[in-house]
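Q: Residue numbers (this note's numbering), protein chains in the order written: chain A, 73 to 321; chain B, 73 to 321.
All C-beta atoms in this analysis are idealised placements derived from N, C-alpha and C, irrespective of residue type, glycine included.
Keep in mind that this is a model prediction, so the values were computed, not measured.
Handing you this structure, nothing more for now.
Printed below as a string of structure tokens:
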């Protein structure tokens with residue numbers, strides 16, 4: 073393990089470690105997948121699930137709606153309602169649409185389960201470097217999830233953002249008055265957590281989650297990217313950040 | 073007009089002026105009212121609008137859902153869908169529910185019309201005091217409205233919050249390292265913009281908007297509150313803030 077003793081007076085080292093929320097600190101995508109399965113089972117009353125490409129149609133509607141609804145469970149629910157009406161040619165019953173609203177409500181209220189090793193890893197990192205939570209999605213829902221996770225005390229600063237692109241990360245770094253070369257982002261999504269940070273000249277620690285939303289699976293990160301470290305679990309995060317600091321000096 | 077020449081060396085004066093967004097800087101409630109009317113006209117196909125208390129039922133559903141959906145047009149749309157299904161005893165057609173989704177989409181995409189005098193007043197205030205935009209609601213929608221308003225350049229700092237209560241304002245003031253006595257909030261809602269700021273010991277400038285959502289109309293602000301100024305239009309804001317600064321010294 074590379075330790076801070078490698079530090080030289082000429083190099084300020086890592087100045088901030090950012091953490092993604094959904095599927096990095098706590099489980100999330102499982103609940104969206106469960107919602108999708110429930111959605112499909114309702115649609116099964118009207119259409120042949122294999123022929124209609126129900127899940128694909130839902131993804132199409134969700135992507136079309138991202139520019140209007142943004143990310144999150146409320147936008148997903150509205151997209152599900154719209155997709156259900158389109159796929160059934162306006163034949164779906166109000167009772168079934170009511171069940172779809174309930175899917176959305178359950179998704180918004182799901183219990184927040186912190187991923188194994190996260191509290192220990194974030195605590196260890198926060199003892200050495202400033203940390204920030206940078207999470208994307210619905211403001212209200214994200215705030216509730218942070219509270220329910222019990223991790224709020226670890227983060228003096230929380231940024232809930234509507235999109236994770238280079239300009240968003242640049243704005244956050246500007247607020248911390250920090251060059252990207254001194255920033256490490258830890259997350260499960262190459263598209264949202266890693267690629268835009270690398271684009272700015274920052275560093276990434278990628279911890280894949282078991283399931284990835286198709287929209288997030290599209291990215292342009294090379295597997296031999298020199299400023300990216302892979303960590304199989306949260307337990308490896310402190311070591312990965314220390315290794316990045318050593319490499320950056 | 074009270075001017076800054078009243079300042080004494082012993083009193084630091086006003087250190088931050090906050091502005092609400094919806095119905096303070098730009099028109100908003102009109103679009104929600106229009107959405108409500110369109111909703112009622114769809115419901116008119118199924119229920120007697122006078123007997124069923126459609127608008128009241130919608131408000132009831134919206135309030136019930138605030139704890140799950142939060143504020144904003146997406147939550148309103150989901151509440152409309154739910155209220156429509158309840159009010160029609162699950163008899164509403166998918167075609168009509170589709171129209172309700174469209175109401176939500178239009179509400180999210182409405183043009184942003186800056187209220188008369190706002191740009192001039194905020195510019196004049198920003199020339200003398202630090203300013204911040206503190207707006208409540210859906211993160212994605214609020215960001216879009218700020219962009220469309222053309223006012224972003226006036227605000228170095230923007231806070232989009234999920235609820236406007238004393239703890240939210242206390243957090244914002246802590247980030248500015250400012251005691252509430254040196255903070256003035258300008259807004260149209262006594263409930264959201266004025267009451268929680270007065271509760272912390274801050275100051276308020278109230279500019280009523282032509283229409284107020286019933287939920288926002290409930291408040292406990294006394295009409296003879298000494299730390300509150302009434303400004304009929306945005307044009308009076310600079311004078312009101314200057315008067316507060318003079319009164320606070």
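1. Cβ closer than 7 angstroms: which chain A residues qualify as neighbours of residue 93 (chain B)?
2. Is residue 133 (chain B) near residue 154 (chain A), with beta carbons less than 7 angstroms apart?
3. Can you tell me which of the three DSSP states residue 90 (chain A) falls into?
4. With a cut-off of 8 angstroms on the beta carbons, I'd call residue 98 (chain B) and residue 194 (chain B) a contact; round off their distance for me.
5. Do the CB positions of residue 313 (chain B) and residue 101 (chain B) come within less than 7 angstroms of each other?
6. Answer yes or no: do residue 272 (chain B) and residue 238 (chain B) have a C-beta to C-beta separation smaller than 7 angstroms?
7. Thinking C-alpha only, which one of B:291, B:211, B:196, B:227 is nearest residue 308 (chain B)?
8. Got a sec: which bits of the segment 165 to 182 of chain A sit with their beta carbon under 8 angstroms from any beta carbon on chain B, in order along the chain?
9. Please name the residue, chosen from B:201, B:262, B:171, that lies closest to residue 227 (chain B) on a Cα-to-Cα basis.
10. Which residue comes first and which comes last in the beta strand (DSSP E) that contains residue 207 (chain A)?
11. So for residue 190 (chain B), helix, strand or coil by DSSP?
12. Report yes if the CB atom of residue 220 (chain A) is closer than 7 angstroms to the CB atom of residue 258 (chain A), and no otherwise.
13. Determine which residues share a DSSP beta bridge with residue 276 (chain A) and list them.
14. Is the CB of residue 223 (chain B) under 7 angstroms away from at least one CB in chain E?
15. Cβ atoms of residue 209 (chain A) and residue 118 (chain A): under 7 angstroms apart, would you say?
16. Which full runs of the alpha helix (DSSP H) of 4+ residues lie inside the segment 217 to 260 of chain B, going along the chain?
17. Where does residue 285 (chain B) fall in DSSP's three states?
18. Bridge partners for residue 98 (chain B) per DSSP, in chain order?
19. Kindly indicate the opening and closing residues of the alpha helix (DSSP H) around residue 320 (chain A).
20. Is DSSP giving residue 129 (chain B) helix, strand or coil here?
21. Quick check: the Cα distance between residue 274 (chain A) and residue 243 (chain A), rounded to an integer number of angstroms?
22. Identify whether residue 199 (chain A) lies in helix, strand or coil by the three-state DSSP scheme.
23. Are the beta-carbon atoms of residue 207 (chain A) and residue 216 (chain A) separated by less than 7 angstroms?
24. Would you kindly report the start and end of the unbroken alpha helix (DSSP H) that includes residue 173 (chain B)?
25. Relative to the alpha-carbon of residue 297 (chain A), which residue among A:245, A:262, A:190 has its alpha-carbon at the smallest distance?
26. Give the residues from the segment 240 to 257 of chain A that approach chain B closer than 8 angstroms (Cβ to any Cβ), ordered along the chain.
27. Along the chain, where does the alpha helix (DSSP H) that runs through residue 151 (chain A) open and close?
28. So, helix, strand or coil for residue 118 (chain A), using DSSP?
29. Is residue 190 (chain A) near residue 107 (chain A), with beta carbons less than 7 angstroms apart?
30. Checking 7 angstroms against the spacing of the C-beta atoms, do residue 140 (chain B) and residue 180 (chain A) come in under that value?
31. Can you say whether residue 75 (chain A) is buried or exposed, counting buried as having 16 or more other CB atoms within 10 angstroms of its CB?
32. Using the Cβ count rule (16 or more neighbours within 10 Å means buried), how would you classify residue 265 (chain B)?
33. Comparing the C-beta of residue 318 (chain A) with each C-beta of chain B, is any distance below 7 angstroms?
34. Under 8 angstroms between beta-carbons, which chain B residues line up against residue 140 (chain A)? List them in chain order, please.
35. Which residues in the same chain have their Cβ closer than 8 angstroms to the Cβ of residue 290 (chain B), if we skip the five residues on either side of it in sequence?
36. Can you name, in chain order, every residue of its own chain whose Cβ lies under 8 angstroms from the Cβ of residue 270 (chain B), other than the five neighbours on each side?
A: In terms of the structure at hand:
1. By Cβ distance, chain A contributes nothing, its closest Cβ being about 14 angstroms from residue 93 (chain B), past 7 angstroms.
2. no
3. strand
4. No, residue 98 (chain B) and residue 194 (chain B) are not in contact; Cβ-Cβ is about 12 angstroms, not under 8 angstroms.
5. no
6. yes
7. B:196
8. 165, 166, 167, 169, 170, 173, 176, 177, 180, 181
9. B:201
10. 203 to 208
11. helix
12. no
13. A:257, A:300
14. Annotation note: the requested chain E is absent from the structure, which comprises protein chains A and B.
15. no
16. 238 to 247
17. coil
18. B:94, B:186
19. 309 to 320
20. helix
21. 14 angstroms
22. coil
23. no
24. 166 to 180
25. A:262
26. none
27. 145 to 159
28. coil
29. no
30. yes
31. For residue 75 (chain A), the predicted model reports a pLDDT of 41, less than 50, meaning its position is unreliable; a value from the coordinates is still stated below. Counting Cβ neighbours within 10 Å, residue 75 (chain A) comes out exposed, since fewer than 16 surround it.
32. buried
33. no
34. 177, 180, 181
35. 263
36. 276, 293, 297, 299, 300
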